[in-house]
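Scroll down for the structure; my scribbles are underneath it.
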Amino acid sequence: MKKEEVFNSYKENIMPTYTKIPLVFVKGKGSRLWDIHNNAYLDFFPGWGVGNLGHCHPKVMSAARDQISKLIFIPNNYYHIPQAKLAKELVYWSFPSKAFFCNSGAEANEAAIKFARKFGKGRYEIITFENSFHGRTLGALSATGQKKYQDGFGPLLEGFKTVKFNDIRAVNDAITDKSVAIMLELIQGEGGINVADKDFVLALRKICDEKNLLLIVDEVQTGIGRTGKLFCYQNYGITPDIMTLAKALGAGLPIGCMLVKKDIADTLTAGMHASTFGGGPVVSKAALAVLRAVKKEKLLANAQKMGEYLFLLLKALEDRYDVIKEVRGMGLMAGVELNTEGSPIVEKCLVKGLLINCTHERVLRLMPALNVTKKEIDKAVTILESILGEASQRGHSPERRVKNE
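Here the sequence shown is numbered in the working numbering, starting from 2 and rising by one per residue.
Shown next, in the form of structure tokens:
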């Protein structure tokens with residue numbers, strides 16, 4: 002198909018649920034994508050964090066091909082080896098737990114919501130946070146702390162209390178005898194790369210222990226190395242009761258997972274919850290290859306090192322250009338908050354061959370693959386700087402700026 006034929010087919014045959022960028026990609030490798038005209042792009046936002054290994058990682062491709070040649074699908078009332086191995090690996094690298102497999106982050110969060118209600122035995126209220134994002138299905142949407150995603154879909158599922166992020170007093174004020182859980186992202190991706198304070202997270206863990214509440218950590222976007230640790234909670238010195246994963250776990254193949262502490266995991270028993278395709282042979286074997294690649298190729302160390310380098314360059318831009326309000330994030334999850342709309346910056350980066358994202362209207366998101374190189378970061382930041390310079394009224398060297406002016 003030619004480019005215009007692809008556009009027309011989407012217009013005529015596919016529901017318009019996404020804001021489309023007028024590009025047709027046909028090939029990817031590492032941090033590079035090629036469009037239908039063989040133009041190359043540097044991808045610094047691979048699928049909202051799906052591509053933590055970049056595009057078409059050879060170990061993942063090999064694992065998927067091997068499994069497809071043997072067994073593609075088997076129902077979850079039978080056993081199969083890839084799922085058994087994947088669950089064992091996830092539990093080994095996280096905390097003593099049991100896994101429930103599904104197909105997406107929204108499904109994993111739905112499972113966590115159902116689990117919490119069953120665990121609560123009549124307690125059902127879950128405390129969530131402003132600017133959070135937990136998915137598009139009705140339960141996950143009800144947990145999401147952003148009205149713009151909820152408008153038009155009411156009545157939402159009852160039982161959620163949304164409070165201010167990083168505000169422990171607000172959490173305490175929201176707890177009642179009906180409370181059963183606190184659910185949060187340690188870094189709010191869709192909310193603008195807002196990072197949880199360590200003291201706040203430690204206080205949440207203490208509250209949950211004291212009041213028999215579940216601490217549910219949504220790691221759909223931060224999981225599998227994004228922050229320089231395999232799981233973001235490992236940066237905070239706590240262990241969640243429930244952790245949800247998806248995106249990078251399958252490196253492009255659809256898989257979600259809920260991990261629940263072993264001593265409470267059997268709250269859900271046979272027939273209480275299910276997912277037809279959850280943890281199938283192909284995606285399980287691919288996810289196993291993801292975990293092994295992260296470890297064998299020392300990608301956590303690279304994420305830490307390259308993350309430090311990326312933030313060094315972005316902080317230099319913050320000092321240099323008044324269009325930048327703040328740079329924040331962790332590991333290779335960076336947010337650049339602007340004093341102006343971010344979409345025009347994203348579009349100009351696209352023209353110059355750099356793919357990034359804008360969330361919350363004014364926050365640029367850069368989330369390169371964990372195997373990103375210094376050379377690729379240099380190129381990306383050079384492109385970004387050339388565009389920010391055009392948008393800024395001040396473009397002098399950082400030495401001439403008085404901080405907090």
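Ideal Cβ positions, reconstructed from N, Cα and C, are used throughout, including at glycine. Since we're looking at a predicted model, the values are computed, not measured.
- By the Cβ test, the region 240–253 is not in contact with the region 327–334, since fewer than three Cβ pairs between them sit closer than 8 Å.
- Excluding the 5 residues flanking it on each side, Phe74 has same chain C-beta neighbours closer than 6 Å at Gly281, in chain order.
- Residue state for Arg137 is assigned as coil, using DSSP reduced to three classes.
- About 31 Å separates the CB atoms of Ile208 and Asn53; that is not less than 8 Å, and the two are not in contact.
- In this model, Lys262 and Arg321 are separated by some 47 Å (Cα to Cα).
- Around the beta carbon of Lys286, 16 or more other beta carbons sit within 10 angstroms, so the residue counts as buried.
- Around the beta-carbon of Arg66, fewer than 16 other beta-carbon atoms lie within 10 Å, marking it exposed.
- Residue pairing of Lys162 in beta bridges, as defined by DSSP: Ile128.
- Across the structure, Phe134 and Asn9 are spaced so that their CA atoms are roughly 32 Å apart.
- Under DSSP, the beta-bridge partners assigned to Lys28 are Trp35.
- A residue is called buried once 16 or more other Cβ atoms fall within 10 Å of its Cβ, and Asn236 is buried on that count.
- Beta-bridge annotation (DSSP): Ser180 is paired with Glu126.
- For Leu314, the enclosing alpha helix (DSSP H) begins and ends at Leu300 to Arg321.
- Looking at the backbone, the Cα of Phe161 and that of Asn78 are separated by about 33 Å.
- Straight through space, the alpha carbons of Ile384 and Val352 are spaced by roughly 10 Å.
- Three or more beta-carbon pairs drawn from the region 331–347 and the region 365–384 are found closer than 8 Å, and the two stretches are therefore classed as touching.
- Nearest to Gly279 by C-alpha distance, out of Val347, Phe101, Met273 and Ile239, is Phe101.
- Distance from the CA of Gly238 to the CA of Asn132, rounded to the nearest whole angstrom, comes to 24 Å.
- The Cβ-Cβ distance between Thr245 and Arg206 does not fall below 9 Å.
- For Ile128, the closest C-alpha among the options Ile114, Lys122, Phe120 and Leu139 is that of Ile114.
- In terms of Cβ geometry, Gly136 and Gly106 form a close pair [threshold 9 Å].
- Here the alpha carbon of Thr145 sits roughly 34 Å from the alpha carbon of Glu377.
- For His56, the beta-bridge partners assigned by DSSP are Gly31.
- Buried is the label assigned to His56, since at least 16 other Cβ atoms lie within 10 Å of its Cβ.
- The beta carbon of Lys349 lies closer than 7 Å to those of Ile388 in the same chain, with the five residues before and after it left out.
- At the C-beta level, Leu365 and Glu338 come within 9 Å of one another.
- Shown here, Ala171 sits in a helix according to DSSP, grouped into three states.
- Ranked by Cα distance from Ala204, the first of Ile169, Arg227, Ile217 and Ile188 is Ile169.
- In this structure, Ile256 and Val284 form a Cβ contact; the two beta carbons are roughly 4 Å apart against a cut-off of 8 Å.
- Of the residues Phe45, Val51, Ala88 and Gly29, the one whose Cα lies closest to the Cα of Gln222 is Val51.
- Comparing C-alpha distances from Val164 to each of Leu158, Leu157 and Asp174 shows the shortest one belongs to Asp174.
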